[in-house]
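Taken in sequence, the protein lines are chains E and C. According to the working numbering, the first sequence is numbered sequentially starting from 1. According to the working numbering, the second sequence is numbered sequentially starting from 1001.
Number of protein chains: 2
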Amino acid sequence: MTARDTRERILDHAERLFAEQGFDRASLRSITDAAEVNLAAVNYHFGSKADLLGAVLERRIGPINAERIRLLDQAAEEAKPELPRLRTVLECFLRPAVEMLGDVDPTILMGLGRILHERGEEARGHFDRLFANVAERFLILARICPELAPEEIHARFHFMIGAMLHSTVQVGPAKARPRPVDPELRLAQLLAFVEADFIAPPAKRESKGIELQPEESSS
Amino acid sequence: MTARDTRERILDHAERLFAEQGFDRASLRSITDAAEVNLAAVNYHFGSKADLLGAVLERRIGPINAERIRLLDQAAEEAKPELPRLRTVLECFLRPAVEMLGDVDPTILMGLGRILHERGEEARGHFDRLFANVAERFLILARICPELAPEEIHARFHFMIGAMLHSTVQVGPAKARPRPVDPELRLAQLLAFVEADFIAPPAKRESKGIELQPEESSS
DNA sequence: GTCTATAGTAAGATAGAC
DNA sequence: GTCTATCTTACTATAGAC
Chain E
1 MTARDTRERI
11 LDHAERLFAE
21 QGFDRASLRS
31 ITDAAEVNLA
41 AVNYHFGSKA
51 DLLGAVLERR
61 IGPINAERIR
71 LLDQAAEEAK
81 PELPRLRTVL
91 ECFLRPAVEM
101 LGDVDPTILM
111 GLGRILHERG
121 EEARGHFDRL
131 FANVAERFLI
141 LARICPELAP
151 EEIHARFHFM
161 IGAMLHSTVQ
171 VGPAKARPRP
181 VDPELRLAQL
191 LAFVEADFIA
201 PPAKRESKGI
211 ELQPEESSS
Chain C
1001 MTARDTRERI
1011 LDHAERLFAE
1021 QGFDRASLRS
1031 ITDAAEVNLA
1041 AVNYHFGSKA
1051 DLLGAVLERR
1061 IGPINAERIR
1071 LLDQAAEEAK
1081 PELPRLRTVL
1091 ECFLRPAVEM
1101 LGDVDPTILM
1111 GLGRILHERG
1121 EEARGHFDRL
1131 FANVAERFLI
1141 LARICPELAP
1151 EEIHARFHFM
1161 IGAMLHSTVQ
1171 VGPAKARPRP
1181 VDPELRLAQL
1191 LAFVEADFIA
1201 PPAKRESKGI
1211 ELQPEESSS
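In structure tokens:
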């Protein structure tokens, strides 16, 4: 077995087990046992359990974010000397995720999405690092929506990311979750939702979007 | 300090720490330190960490479910010899939660809601136990919606519970979450959403309700 | 790069004195 | 009921042979 095999095998099973059980409950032993590699290989290749999670997320999200930037550059080029339309920019953000994650087991997507919530502050580090480039490039939104203050743009961008993550956390029995949906349809729905969020006037965003079902709980 | 104080103090701080950090990361030691009680008191009063979580959930959800059943009995009595209206029954389910949780710190509600997701199978036991009575009584929905198969009723009921839990998992930076919303407004919104879910024709429930933002992820 | 063996830590649980 | 002290277990991480 080559070193590359070992690395990939660890990543594959770490991803699955993190998603299935959460970061804390998935032990390195269970991961290396499943991957049929030695326990010490994790620290050799990744340094620590936290960095292993980082690598897992990087492998999924990195290519998506690279594609986002590629599409955005292309859209900006085509629109010159104007700015691209809001919807176009949002599509540059959403399309790579919908397309590149379409074939991934939804259970894994849900699980990884949950992990980014689960461990607020610790995951925040991974999160910020992974999205640093994308967030910076998509500041073009500030020029497309000049009526929104920078903090407002920032909040809405985070809201958009959050809505995507949020929507991964499916609830109820598995069979109640209808599965295959046409990717273009999904993209259109998501786009409509997110665009509405960006078009909304500043301030006073109480009863909109995902807030439509107000916070409620545990019962 | 009386025994009752000890019990309540443990429950208070366990609830907070479970909500803030999740079940696994909140250690019994951190809980007993915060509550200023002895470590062994947890096992004395609750038996185990898992049972402590059960008691925390019971304390919040138990009274709500009791009130749900009380309201449903009352509605059924008033409607005799007819069946109560669908909306009335759903309101019997939703109102106690909205009213009785209105004053609870949203952070705690979110945290507890997340825990019920977080640890799928383990939490499922608590979940089923806590909702057993309520689920049984609300089978009256099957008679009110005779066009829906029993499994369909069951799925939609779970979907309703899930939607409530789901909506607790707020995302994005804390300041982006607008807070105080009029309870009656929240109830009305939630009711509209849930009623729409129940009124929908059988099968083919793909692009409705919370599914409106399709499953998507990690990016 | 891979392995064995183990150090070091933190956790849940409990026995037994008071 | 409460406390101290301890048992047992599981984990991450690493040192060092190969």
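Note that CB positions come from ideal geometry on N, CA and C, so glycine has one too. Quick caveat, the model's predicted, so the values are computed rather than measured.
Contact set for residue i: own chain, Cβ-Cβ below 7 Å, skip 5 residues either direction
i: C:S1030; result: L1017
i: E:L11; result: A55, V56, R59
i: E:A14; result: I31, L52, V56
i: E:D24; result: none
i: E:R205; result: Bear in mind that the predicted position of E:R205 carries a pLDDT of just 44, short of 50, making it unreliable; the figure below should be weighed with that in mind. Counting only Cβ-Cβ distances below 7 Å, and skipping sequence neighbours, we find nothing.
Alpha carbon of residue i to alpha carbon of residue j, nearest angstrom
i: C:A1035; j: C:S1027; result: 12 Å
i: C:I1161; j: E:A50; result: 33 Å
i: E:P173; j: E:F138; result: Confidence at E:P173 is low in this model, with a pLDDT of 38, below 50, so its placement is unreliable and no value can be given for it.
i: C:H1126; j: C:A1142; result: 25 Å
i: E:E82; j: E:I199; result: 19 Å
i: C:L1116; j: E:E118; result: 12 Å
i: E:L109; j: E:A19; result: 8 Å
i: C:A1003; j: C:P1063; result: 22 Å
i: E:R114; j: E:E121; result: 14 Å
i: E:T107; j: C:E1077; result: 44 Å
i: E:F159; j: E:R85; result: 20 Å
i: E:R9; j: E:Y44; result: 14 Å
i: C:R1177; j: E:I140; result: Residue placement at C:R1177 is flagged as unreliable, the pLDDT there being 49, under the threshold of 50; a coordinate-derived value is accordingly withheld.
i: E:R129; j: C:L1071; result: 50 Å
i: E:D182; j: E:M164; result: 17 Å
i: E:I61; j: E:S48; result: 20 Å
i: E:E184; j: E:D197; result: 20 Å
i: C:A1155; j: C:D1073; result: 23 Å
i: E:G22; j: C:Q1021; result: 13 Å
i: C:G1102; j: E:Q189; result: 32 Å
i: E:D33; j: E:M100; result: 29 Å
i: E:F131; j: C:F1131; result: 40 Å
Assumed close pair residue i, residue j - CB separation to whole angstroms, cut-off 8 Å
i: E:I144; j: E:V89; result: 6 Å
i: C:L1094; j: C:L1191; result: 6 Å
i: E:C92; j: E:A75; result: 6 Å
i: E:V104; j: E:L187; result: With 8 Å as the limit, E:V104 and E:L187 do not qualify as a contact, their Cβ atoms being about 16 Å apart.
i: E:F157; j: E:A123; result: That pair is no contact at about 18 Å.
Residues near residue i by beta carbon distance below 6 Å, same chain, minus five either side
i: E:T6; result: V37, A41
i: C:R1087; result: E1195
i: E:E67; result: P96
i: E:R46; result: Here residue 46 of chain E is Phe; the residue named in the question, Arg, does not match the sequence. Once the five neighbours on either side are set aside, the close Cβ partners of E:F46 are L52, A55.
i: C:L1112; result: A1019
i: C:F1193; result: none
Heavy atom of the ligand GDP within 7 Å of residue i beta-carbon
i: E:I153; result: The ligand GDP is absent from the structure shown, which contains no ligand whatsoever.
Contact set for residue i: own chain, Cβ-Cβ below 8 Å, skip 5 residues either direction
i: C:P1202; result: E1147, L1148, A1149, E1152
i: E:N133; result: N65, I69
- Residues of the stretch 112 to 123 of chain E with a CB closer than 8 Å to any CB of chain C: list them in chain order, please. L112, G113, R114, L116, H117, E118, R119
- Message: Counting only Cβ-Cβ distances shorter than 9 Å, please list the residues of the stretch 24 to 47 of chain E near chain C, keeping chain order.
- Response: Shown in chain order are the members of the stretch 24 to 47 of chain E whose Cβ falls below 9 Å from a Cβ of chain C: D24, R25.
- Task: Could you name the residues of the stretch 6 to 23 of chain E whose beta carbon sits closer than 7 Å to any beta carbon of chain C, in the order they occur along the chain?
- Result: G22
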